[in-house]
Amino acid sequence: MNNNCPWCGSEKAQINLWLKDEFLTKEDFHICECLNCGLLYTMPRPSKDKIGEYYKSEEYYSHQENKKGFIPKVYEAVKKVNLKHKYRLATDGIKEGKLLDIGCGVGDFLHTAEEHGWECTGVEPSDEAKAIARRRIKAEIIASADLEQIPDATFDVITMWHVLEHVDNLKWQMEQLQRLIKNNGRIVIAVPNYKSYDGQYYKELWAAYDVPRHLNHFSKQTITKIFASVGLKLTRTEKLVWDAYYISYMSEQYKHHSLPLIKGALRGLVSNCKARRSGEWSSMVYIFEKKR
Ligand SMILES: [Zn+2]
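Counting from 1 along the sequence shown, just add 180 to a position and that's the residue number in the working numbering.
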């Protein structure tokens, strides 16, 4: 793995932050800013055969089912509301058709889409998550590399819910998105936003840097530029308001101070209030379309 920018390949970068894998290994990493295209990326990047080790945790929520305790319960309840919201964002104004969810986890979003009549395909690297998804939903669940076998212009909607920040081959991923979406199709990308108030406040302890699981860190400017360069136009931005609370709560835990739940809730609230003016939400949803 080289040290160049994962998008433009430039070697010119500055180090913006030194930080640790607070979530799991406590290993040291840093965030580079590409001086050519502006993308922020994690260094050093774990090799393909090592990356799996950073996901090995009981607490990695997105792959879990049937959790006990207060926070997991709240998380589950919020997830249900969030799923409806996400479904609306992805499909509003489009007649049902073919939908691809990249990084589908245990299949929560695809389950919702299938209930509404969408013909679904999922991509998921984790064998564990894939096995659960296959029990729950009809959708074919494939490996990322299998996308290359799918014909051009297959999908009406492609979604990546907090996935593009994990992708270790951004250029290849962008080629596939550009190729697989139909003309006038919709691509929905949810990613953390380090320009949000909580991102700027917690700095190296901001839980949504989540190194080295997150390899790419996007702002509205960089993601818009990257998608535009492959002919995908930003048509709308949306927000996921609950993420400000969850990320702030996790960040407070990393500070090892008292009352992380209360402090996190307050900080999340401040973040959401500020974002009403600035538009810089803790988690952004970007909606792109391929226009001829
Ligand atoms: Zn770059």
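Note that the Cβ used here is the ideal one computed from N, Cα and C, for glycine as well.
Reducing DSSP to helix, strand and coil, say where F407 ends up.
In this structure, F407 counts as helix in the three-state DSSP scheme.
Give me, in chain order, the residues of the same chain whose beta-carbon lies closer than 8 angstroms to that of N216; leave out the 5 immediate sequence neighbours on both sides.
If we look at N216 and ignore the five residues flanking it on each side, its Cβ neighbours are C185, C188, S190, K192.
Pairwise C-alpha distance: Q401 and M354:
One C-alpha to the other measures close to 16 angstroms.
Run the CB neighbour count on N364, radius 10 Å, all protein chains shown included, and call it buried at 16 or more, exposed below.
Taking a 10 Å sphere around the C-beta of N364, we find fewer than 16 other C-beta atoms and assign the residue as exposed.
Whose CA, out of Y221, H342, R366, D378, lies closest to the CA of E432?
When only C-alpha atoms are compared, the closest one is D378.
Let me confirm a value: E220 is counted as buried when at least 16 other C-beta atoms fall within 10 Å, else exposed. Which label applies?
Note that residue 220 is Leu in the sequence shown here, rather than Glu. In the assembly as shown, L220 is a buried residue. Its beta-carbon has 16 or more other beta-carbons within 10 Å.
Residues surrounding ligand 1 [beta-carbon distance to nearest heavy atom under 6 angstroms]:
Residues with their Cβ less than 6 angstroms from any non-hydrogen atom of ligand 1, running along the chain, are C185, W187, C188, S190, C214, N216, C217, L219.
Specify the secondary structure class of Y241 as computed by DSSP and reduced to three states.
With a pLDDT of 47 at Y241, under the threshold of 50, the modelled position of this residue cannot be trusted; read the value that follows with caution. The three-state reading of DSSP puts Y241 in helix, counting H, G and I together.
What are the partner residues of D208, as DSSP defines its beta bridges?
Partner(s): K200.
Take T415 and list the residues in its own chain whose beta-carbon comes closer than 6 angstroms to its own, dropping the five residues that flank it on each side.
Cβ-Cβ distances below 6 angstroms link T415 to I467, E469 in the same chain, with the five nearest sequence neighbours on each side left out; the list follows chain order.
For V371, the first and last residue of its enclosing beta strand (DSSP E):
361–372 is the span of the beta strand (DSSP E), which, as asked, contains V371.
Any idea if K275 is buried or exposed, counting beta-carbon neighbours within 10 angstroms, 16 or more meaning buried?
Around the CB of K275, fewer than 16 other CB atoms lie within 10 Å, so the residue is classed as exposed.
State the DSSP-derived secondary structure class of D307, mapped to helix, strand or coil.
In the structure shown, D307 sits in a helix (DSSP, three-state: H, G or I).
For Y235 versus R393, is the C-beta spacing smaller than 9 angstroms?
In this structure, R393 lies closer than 9 angstroms to Y235 by Cβ.
Distance between S438 and R366 (C-alpha atoms, nearest Å):
Looking at the two C-alpha atoms, the distance is approximately 44 angstroms.
Based on Cα-Cα distance, which residue from K362, W422, N396, H342 lies nearest to V258?
Of K362, W422, N396, H342, the residue nearest in Cα terms is W422.
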